[in-house]
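Numbering (my numbering), first residue to last: 150 to 811.
What follows is the structure, encoded as C-alpha cells:
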C-alpha cells in the first residue's frame, strides 16, 4: 500500500524541529558529562584521551594548523582504547592537574582550542584546529569530544532550502521522492540486450541477484533501492554498478554517512583505473585511499605545486612563532601569515576546483558533499548513497537537492541511525511553533525513519531489488534472521554454508563447542538476575550523571560468557577471532574487566557499534533476566538481527529464555 504524497514544506519544517531537538539533547548530554566527570573518568568512558603531547605541527588543507598528538612517553607508546573517530569535534587543552581546586579545574577544562579529528591511529591522533592563531599549550595535553554541530548546520541549511523552494524550483526528481509524482516505469525490455540486459561484467564473481540489482539500478530513471542483508556483498555490487555507469560516461557522486563507509568504496575502486577524488579527510589514511584524497592531490598534482611553496612558507613562519617571545615580532609574523593564508586559500581553491571538475567519480561523506568543494562543480548524473539505512534523511538531502537520480543501498532491517532525543513529538514551546504549521501526518514523524524506509513505504517494493546470497554465515546461523526478517529468501553460498570453527586455517580441536555453529546458554531459573546501573554515587553520597546512563548488567551471565570464551580459546580459537557483543554499556564495562586482560586481542563491543562488522565467532550476552519478563530495547528485532548476523562460523547466545521468549 503506497502512502499519500507528502507536502514538501511541511516535511522540511517538521525535520527542522526534530533536528533542533536532537542537537539540544546532544549538547545537553555532552556538557553535563564533561562538567560532572573528571578527565580520567571521561577517558575511561572513551570520550576523552589524556596524557598527550605534541609531536609535530604543520599546515593542512585550508591553511589550518594540524597538530599530531601522541601519548606522553611516560605513559607508553600506544593510545588507550577510546571512542574518538575521524570527523569528531574535539577540544584540545592543557590537562587539569589532579591537585588543582575545582574552580581552577573548571577554568582549565573550558580553556583550549577546538578542532576536527583528521586521523586516528594506535600511535597518535591528528587534529586540525579551528582558530588560525591558536595558542597551543606546551604542557601535558588532553582532548575531549564535543557535540558536533557542524553536521546539524549543513542539515539545517539543506532543510531550510527545501522548505523555501518555490513550485518552479521543485524538480520532477524531487517530486518523485515526495510521492508527488511516480517513478518512470522501467522499459518493458530492460532485461533484454536492447535494454540493459547484456552488460559486460567487470567483476568475475557476481551472482544473479547482484546482476539483477545492477541492471535495475541502471534502468531506473529517478530512484532505485538496493537492499543488501548482512553478508550479501552490497559494496561489491555497488563497485560493479559504478564501473558500469562510468562505461556510460556518467559523472557520479558517491556518499555514505561515515568516513569508513566512503573509504571502503575508495579502497575497492582504487583497483580499477578510475578518475576519482575523495573529498574530506580520509579516515584511516590507507595508502590506497590517501592517493585519491584531496589533501594529497593538492600536493601531488601539477596545480598543487603552486600551493606547495606557500604551504612551506606558512610552516616556517609557524615554527618561528614558537621560538619568539617578543610580542611585537609575534604580531608581525601573524600579520604576514594572514596574508599568506589568504593567498594559500585562493590558489588552493583553484586547484581543488580543477581536480573536482576533472574527476568522473567524486566521493564524500553525506555532509561533506555540502562543502565548498562542490559549490562550482559540474552537475552529477547519479548520486549513489551507501549505508543509506544508517543515515538521517536530512543528511541524505545534502547531496540530493541538485541531483537527477539516486541509488540508495542499505538494509532497513538492521539498526537505523542512533537518535538521542527519541521523541517524535517535540515538547518545548519554541519547537512546537515550528511544527504547528505541519499537517497531521508530520506529527508522528521521527528521525529514525530514514529516506530508504520512507521511499519504500511511499512507492512499494517495486523500486527495490534484494540481494539474496550471503557469503558470511553458516546456514544454521543464517536461518533465524532469514525466516524472521527476510521472508526466508536468504541463501548461504556454497563456500560458507557448512563452515565451522574446526575448519579454520590453523589447528582447532573438535569439541562440542567448536563443531556447533549455534549454541544457546540458557540462564533461566532466576539465579542470574540483571542489575541496573543508575548513576555513579560520588564521595558525598550524591549521584552524578552516569556515563553508562540507566544501563543494565548481569554479573552471573558475564561469567557464563567468560567460560564459553575460555573453552573456545582452549580448543585453539584465537582471541582475535572472537567478538563479544551486548546491547548494554554497563554489561560491556563488566565484560571488559573480565576478558580484556585475560584474552588479549578479543574484541568487545555494543551491538549497535558492531553493525557492519564480522568475526569467526561471536558471543552475544542478552543481559535481561527479570520476573516481569521485560526485555527493554532487546525487543527491537533489528537489534537482534545485527547481533546474530556478525559471526561466520559460530554464534553463542547467552540469555534467560523465560525473559526473552516473550
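Glycine residues also receive a C-beta, built at the ideal position from the N, C-alpha and C atoms.
- Residue environment analysis places residue 669 among the exposed positions, since fewer than 16 neighbouring C-beta atoms fall within 10 angstroms of its C-beta.
- In this structure, DSSP gives residue 401 an extended state, which the three-state scheme calls strand.
- Counting only the Cα atoms, residue 351 lies some 41 Å from residue 717.
- Ranked by how close their Cα comes to the Cα of residue 487, the residues 790, 208, 633 and 296 have 208 in first place.
- With a 10 Å radius around the Cβ and a threshold of 16 neighbouring Cβ atoms, residue 421 comes out exposed.
- Sorting 721, 187, 617 and 506 by C-alpha distance to the C-alpha of residue 663 places 721 at the top.
- Rounded to the nearest angstrom, the gap between the Cα atoms of residue 204 and residue 216 is 8 Å.
- Around the CB of residue 623, 16 or more other CB atoms lie within 10 Å, so the residue is classed as buried.
- Only residues of its own chain outside the window of five on either side were considered, and among them 793 have a CB closer than 8 Å to the CB of residue 629, listed in chain order.
- Closest in alpha carbon position to residue 803, among 809, 783, 775 and 770, is 770.
- For the pair residue 602 and residue 655, the CB atoms are not nearer than the 8 Å cut-off.
- When Cβ pairs closer than 8 Å are counted between the two stretches, the stretch 355-365 is seen not to touch the stretch 318-332, the count staying below three.
- Partner residues in the beta bridge of residue 205, as assigned by DSSP, are 217.
- Within the stretch 510-556, the complete beta strand (DSSP E) segments at least 3 residues long are 510-514 and 531-534, listed from N- to C-terminus.
- Inter-segment contact for the stretch 524-534 and the stretch 397-405 is present: three or more beta-carbon pairs are separated by less than 8 Å.
- With distances taken between CA atoms, residue 381 lies nearest to 627 out of 719, 410, 627 and 262.
- The Cβ atoms of residue 787 and residue 564 lie closer than 8 Å to each other.
- Of the candidates 457, 427 and 458, 427 places its Cα closest to the Cα of residue 443.
- Shortest Cα-Cα distance from residue 621 to any of 707, 513, 795 and 348 involves 795.
- Beta-bridge partners assigned by DSSP to residue 263: 240.
- In this structure the stretch 608-621 does not touch the stretch 722-733; the number of beta carbon pairs closer than 8 Å is below three.
- Counting along the chain, residue 484 sits inside the alpha helix (DSSP H) bounded by residues 476-507.
- Shown here for residue 277: same chain residues with a beta carbon closer than 6 Å to its own, the five before and five after excluded, namely 209, 213, 215, 264, 265 and 267 in chain order.
- In its chain, beyond the 5 residues on either side, 730, 732, 788, 791 and 792 have a beta carbon closer than 6 Å to the beta carbon of residue 756.
- In the three-state reduction of the DSSP assignment, residue 611 falls in the helix class, which pools H, G and I.
- CA-to-CA, the gap between residue 232 and residue 406 works out to about 17 Å.
- Taken atom to atom, the span from the alpha-carbon of residue 739 to that of residue 707 is near 7 Å.
- Going by beta carbons, residue 269 and residue 234 fall inside the 8 Å limit.
- Scanning its chain for C-beta atoms nearer than 8 Å, with the 5 sequence neighbours on each side dropped, one finds around residue 713 the residues 662, 668, 670, 768, 801 and 803, in chain order.
- Just so you know, the alpha carbons of residue 784 and residue 460 end up roughly 55 Å apart.
- For residue 748, the secondary structure class from DSSP, reduced to helix, strand or coil, is coil.
- Residue 293 and residue 244 do not touch by the CB rule: their CB atoms are close to 10 Å apart, not below 8 Å.
- For the pair of segments examined, the stretch 327-336 was found to touch the stretch 152-162: the number of CB pairs separated by less than 8 Å reaches three.
- The beta carbon of residue 279 sits closer than 6 Å to those of 263 and 264, all from its chain and outside the five residues before and after it, given in chain order.
- In terms of CA proximity to residue 542, 567 leads the group 567, 523, 553 and 525.
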